[in-house]
Amino acid sequence: MSGAFPRALRVFLLLAAGALAMRAAVPVAEALAGPGVPLVWWTARAFGLLAWVALWLSALFGIFMAGKGAGGLLDKAWIAELHGRWSVAALVATVVHVLAIVADPVSGVTPIAAIAPFTSATLTGPVALGTLALWGLALVAVSTALSRRLSRVAWRAIHAGAFGTLLLGLVHGISAGTDTSATPVRLLYLITTGLLVAAATQRLLLATRGAGRPAREAPRRSP
């Protein structure tokens, strides 16, 4: 136990409170903004891209953690803290993105479709990928909160699956995003994906070199 469940409960309640507050604030903000300003639509777009950047940074720092601080160039404790913070930011941004999509009557995405894959009448496949990415993020967050109760093998397996969540989020953003045709957004996806692939490749090369080195023999004791 050791406070894991209360901590997870606090996170859940905080997200729920934020969701309710946003749902209540949307009509008020739209009224203040004036007619013709699609605030919910802009919110969904902005937080969708923010969720991708946060998820990318979380994965990048996760690779640095596995690489022992990018080969010793960075402090591992600092990297671990940033990895955790960006993971939380990715989950929160994704929740806000989903709520904004559901709140937008033009999107055609219902609350059920937002949490149940392949039930959306609009962009069934792309929306389902986003829903699966949301559940993947939630699974990683819960496993982190309960890390002391999970075996090391289970924890590592779940976090390895986080790269699948990243891929789902990327394909979802490209296929469902209304900004995908914009050059800045294309460059964002291209640059972030390229940097992540480069970091992962370097990590694999370092791991391969380490595995190929012969183990040092223990010094023999003199008789």
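28 is the number of the first residue of the sequence shown in my numbering; add one for each residue after it. Where a beta carbon is used, it is the ideal one built from N, C-alpha and C, also for glycine.
Short of 6 Å in beta carbon distance, which residues of its chain neighbour residue i, apart from the five on each side in sequence? Order them along the chain.
| i | result |
| --- | --- |
| G89 | H110 |
| S147 | V136, A140, V154 |
| S134 | I128 |
| V198 | L156 |
| A78 | A117, A120, T121, H124 |
Using C-beta distances below 7 Å, list every residue in its chain close to residue i, excluding the 5 sequence neighbours before and after it, in chain order.
| i | result |
| --- | --- |
| L166 | I185 |
| L82 | A117, L193, G196 |
| L177 | S170 |
| A234 | none |
State the Cα-Cα distance for the pair residue i and residue j, rounded to the nearest angstrom.
| i | j | result |
| --- | --- | --- |
| G163 | P138 | 18 Å |
| D131 | L76 | 17 Å |
| P144 | L161 | 10 Å |
| R236 | V119 | 38 Å |
| L159 | L232 | 30 Å |
| T219 | T228 | 14 Å |
| E108 | S208 | 35 Å |
| D206 | L66 | 16 Å |
| L222 | L173 | 31 Å |
| L84 | T210 | 21 Å |
| V180 | T70 | 38 Å |
| A31 | A187 | With a pLDDT of 49 at A31, under the threshold of 50, the modelled position of this residue cannot be trusted; read the value that follows with caution. Computed Cα separation, rounded: 22 Å. |
| R175 | W182 | 9 Å |
| L59 | G191 | With a pLDDT of 46 at L59, under the threshold of 50, the modelled position of that residue is not reliable, and the figure given next carries that caveat. Computed Cα separation, rounded: 40 Å. |
Whose CA, out of the options, lies closest to the CA of residue i?
| i | options | result |
| --- | --- | --- |
| L87 | A234, A209, A225, W69 | A225 |
| V169 | T151, A189, L222 | A189 |
| A203 | L150, L159, R230, A209 | L150 |
| I201 | R72, L66, L233 | R72 |
| F74 | F91, G221, L126 | L126 |
| H124 | I106, W68, P211 | W68 |
| V122 | R183, I142, R230 | I142 |
Kindly list the residues whose CB is nearer than 8 Å to the CB of residue i, restricted to its own chain and excluding five residues on each side of it in sequence; keep chain order.
| i | result |
| --- | --- |
| V80 | L215, T219 |
| G152 | F145, S202 |
| A245 | Here the model assigns A245 a pLDDT of 48, short of 50, so the residue's position is not dependable, and the following value carries that caveat. Here the set comprises nothing. |
*Is it true that the segment 204-217 meets the segment 112-119, where meeting means three or more beta-carbon pairs spaced less than 8 Å apart?*
no
*Can you list, in chain order, the stretches of the alpha helix (DSSP H) that have 4 or more residues and sit fully within the segment 116-200?*
138-142, 151-172, 179-187
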